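Numbering (the numbering used here), first residue to last: 270 to 435. Okay, structure first, notes after.
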């Protein structure tokens, strides 16, 4: 969810070739680029244009073993700390969350996972390093187990994982 250029979906399919990968994004342009990238690697990925903030849009999906997401998590207040190469080339819909609701996309994805993630399945999020504890609390509030923060190569808390309870 939040496919962007497709790098995560392509990597998952490449290293788990027997898996079925569905890549979701709100942006048609992002999905076109992701489709081109999957074609370059000769991989089949199911690309879906969906607004994750609209639950009716994803009723058609079955169950998933794993959900991986890099949702928008940069607040407008944090925009001034970003590098120009990111601001100039990344679509802003892929980057920014509302200052007054920075966890909006995490909530929506956890609602999706409550319905569409198999019991015992895992959810993985990239996060704003300043929101790690808040995302962990959200995961617990939504009924997921074993929420865990993971650090990047610079030692910053940038990823969260959790299991869906039985």
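Ideal Cβ positions, reconstructed from N, Cα and C, are used throughout, including at glycine. Nothing here was measured: the structure is a model prediction, and the numbers come from that model.
- Rounded to the nearest angstrom, the gap between the Cα atoms of residue 409 and residue 416 is 7 Å.
- Every alpha helix (DSSP H) of 4 residues or more that sits fully in the region 289 to 344 is shown, in chain order, as 297 to 309.
- For the 8 Å CB-CB criterion, residue 292 and residue 274 do not form a contact.
- In the displayed model, residue 385 falls within a helix according to three-state DSSP.
- With a contact defined as Cβ atoms closer than 8 Å, residue 381 and residue 321 qualify at about 7 Å.
- The region 301 to 308 and the region 323 to 336 do not touch, with fewer than three beta-carbon pairs separated by less than 8 Å.
- Under DSSP, residue 380 forms no beta bridge with any residue.
- Residue 428 is not a Cβ neighbour of residue 389, given a cutoff of 8 Å.
- Taking the Cα positions, residue 405 is about 8 Å away from residue 418.
- Contact between residue 339 and residue 372 is absent: CB atoms are separated by about 15 Å, not below the 8 Å threshold.
- Linking residue 422 to residue 324 through their CA atoms gives a straight-line distance of about 35 Å.
- Approximately 5 Å separates the beta-carbon atoms of residue 314 and residue 278; this is inside 8 Å, confirming the contact.
- In this chain, residue 273 is not harboured by any beta strand (DSSP E), its DSSP state being neither H nor E.
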